[in-house]
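Worksheet: the structure to be examined is printed underneath.
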Amino acid sequence: MTRLTRRTALKGVGAGLALSVTAGTATATFDRDDAGSSAVETVVEIPGDPVPENLAIARDGTLYFGLTRGEVRKITPEQTQATGLGLDDTERVARLPGSAVGVELVAGDALYVASQADAGDGVWRVPVDGGDPELFAAVGGFPNDVLHDPFHDRLLVTDSFGGAVYEIPLDADDPETAASLWSDDDRLATDSFGANGLTFGRGAVYVAVTRGTNDAGDDVGRVVRLPLTRGGDAGEASTYLESETIYGADGVTSFGPHLYLAANGRNEVVRIDPGRNVTVLADGDDGLVFPSDVVLGRTRRQRGDLFICNFANETPEEGAILRTRLQPGNR
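Using this note's numbering, the letters of the sequence shown map in sequence onto residues 993 to 1323.
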């Protein structure tokens, strides 16, 4: 059975994404010193297949990442401060029967991984102690990013082909009925690759929509804001930002009022402030190649560290886990 992986799916739009690098201009683009980030360093080199796609970080600073061949691997908090590591320096946590796309850690429980597999598309539960992965919740289309919602004891997961977000209670016991639709607002869907990265902001969930088109027919990325009701339902959606400057919007995270987003088609990682201004923190000149995810460090030693996943869709020899440091006052 031939499966359409995230990598092959994005190859189909790769040419259009590449064109956007020259077509778009950022709302606010600054020199590196002004942008408030330091040089980009390579933590783990992962040349050739498989390539890394998604990141998750534990409270103790352990960094997990998924590989397209279905592996989840990790590096220690100490290793996150190193450079020039290879895949052999990392530890394999699990091998899934399919791909490993979105990776999320639920502290004290397990890793949850979005995967396409003959044994079941959806979210797989991976014990952190090395136990066997199990299908936790079936999700059709293209299950992509996974976000833990500790306030409602559930997971949220995007379907990039269907343009939707599903919710999965952590106490679910039947994979076939575990997932239910949380939001299918029209803003989440596109003719290409829709709802992708997920993160929490103030009172809302923010969803990165990778490749859309605005009313003028321009290729754009989009961030959709979905307010959270007291009961955890999705409130009325709004377009937080729609712009050529975030075309290829992929993984996203937040800190305070700021969003940090990987714009894969532009080979950029950007910060979006509350005024919707976009600041480029790192780009292709720093070694970014189709960046697919970003996470912030969680320990004192990692303070200000921004870890970047180099998905390197068209040039897998450049696959890597990267690190840059946000300067004080610019986080």
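In this text, a Cβ means the ideal position worked out from N, Cα and C, and glycines have one as well.
Please read these numbers as outputs of a predicted model, since none were measured by experiment.
Between 1252, 1260 and 1168, which lies nearest to residue 1277 when the distance is taken from Cα to Cα? For the purposes of this step, residue 1277 is taken as the residue at position 285 of the sequence shown. Comparing Cα-Cα distances from residue 1277 to each of 1252, 1260 and 1168, the minimum goes to 1260.
Starting from the C-beta of residue 1308, find all residues in its chain whose C-beta is less than 6 Å away, skip the five residues before and the five after it, and write them out in chain order. Within the sequence shown, numbered from 1, the residue matching residue 1308 stands at position 316. Cβ within range, chain order: 1040, 1041 and 1043.
Limits of the beta strand (DSSP E) - the one that residue 1211 falls within: Along the sequence shown, one-based indexing puts residue 1211 at 219. Start and end: 1211–1219.
Whole angstroms is fine: what's the gap from residue 1364's alpha carbon to residue 1173's? Absent from the structure is residue 1364, since the part of the chain shown begins at 993 and ends at 1323.
Three-state secondary structure (DSSP) of residue 1082: Locating residue 1082 in the sequence shown gives position 90, where the first residue counts as 1. If DSSP states are grouped into helix, strand and coil, residue 1082 belongs with coil.
Identify the residues that DSSP records as bridge partners of residue 1059: which are they? Taking the first residue of the sequence shown as 1, we reach residue 1059 at position 67. Looking at the DSSP assignment, residue 1059 forms a beta bridge with 1044.
CA nearest to the CA of residue 1062, picked from 1133, 1201 and 1085: Here residue 1062 refers to the residue found at position 70 of the sequence shown. Of the candidates 1133, 1201 and 1085, the one whose C-alpha sits nearest the C-alpha of residue 1062 is 1085.
Assuming residue 1250 is part of the beta strand (DSSP E), what are its boundary residues? Within the sequence shown, numbered from 1, the residue matching residue 1250 stands at position 258. Here the beta strand (DSSP E) through residue 1250 covers 1250–1255.
Residue 1070 in three-state terms, based on DSSP: Indexing the sequence shown from 1 puts residue 1070 at position 78. Note: residue 1070 maps to coil in three-state DSSP.
Simplified DSSP state of residue 1298, which is helix, strand or coil: Taking the first residue of the sequence shown as position 1, residue 1298 is located at position 306. Strand.
Residue 1285 by DSSP, collapsed to three states: which one? Start at 1 with the first residue of the sequence shown, and residue 1285 comes out as number 293. Strand.
May I have the straight-line CA-CA distance separating residue 1217 from residue 1149, to the nearest angstrom? Within the sequence shown, residue 1217 is the residue found at index 225, counting from 1. Within the sequence shown, residue 1149 is the residue found at index 157, counting from 1. Cα to Cα, residue 1217 sits roughly 15 Å from residue 1149.
Please report the residue range of the beta strand (DSSP E) in which residue 1158 lies. Position 166 of the sequence shown holds residue 1158. 1156–1161 is the span of the beta strand (DSSP E), which, as asked, contains residue 1158.
By the 10 Å Cβ neighbour count, where 16 or more other Cβ atoms means buried, how is residue 1194 classified, buried or exposed? Counting from one through the sequence shown, the residue named residue 1194 turns up at place 202. So residue 1194 counts as exposed.
Taking contact to mean at least 3 C-beta pairs separated by less than 8 Å, is the region 1096–1109 in contact with the region 1135–1155? yes
Return yes when the Cβ of residue 1072 is within less than 8 Å of the Cβ of residue 1058, no when it is not. For the purposes of this step, residue 1058 is taken as residue 66 along the sequence shown, with counting starting at 1. For the purposes of this step, residue 1072 is taken as residue 80 along the sequence shown, with counting starting at 1. No; because the gap between Cβ atoms is not below 8 Å, this pair is not in contact.
Alpha carbons only, please: which of 1122, 1213 and 1254 is nearest the one belonging to residue 1204? On the sequence shown, position 212 is the one that residue 1204 refers to. Among 1122, 1213 and 1254, the Cα nearest to that of residue 1204 is on 1213.
By DSSP, does residue 1178 sit in helix, in strand, or in coil? Position 186 of the sequence shown holds residue 1178. Residue state, collapsed to three classes: helix.
For residue 1029, which residues from the same chain have a beta carbon less than 8 Å from its beta carbon, with the 5 sequence-adjacent residues on both sides left out? Taking the first residue of the sequence shown as 1, we reach residue 1029 at position 37. Here the set comprises 1273, 1274, 1298, 1316, 1317, 1318, 1319 and 1322.
Report the start-end ranges of each alpha helix (DSSP H) in the region 1108–1139 that is 4 residues or longer and not cut off at the edges. none
Between the CA atoms of residue 1045 and residue 1311 - distance to the nearest angstrom: Taking the first residue of the sequence shown as position 1, residue 1311 is located at position 319. Taking the first residue of the sequence shown as position 1, residue 1045 is located at position 53. Those two C-alpha atoms are separated by around 9 Å.
Among 1230, 1066 and 1139, which has the Cα closest to the Cα of residue 1122? By one-based count along the sequence shown, residue 1122 stands at place 130. Nearest option by C-alpha distance: 1066.
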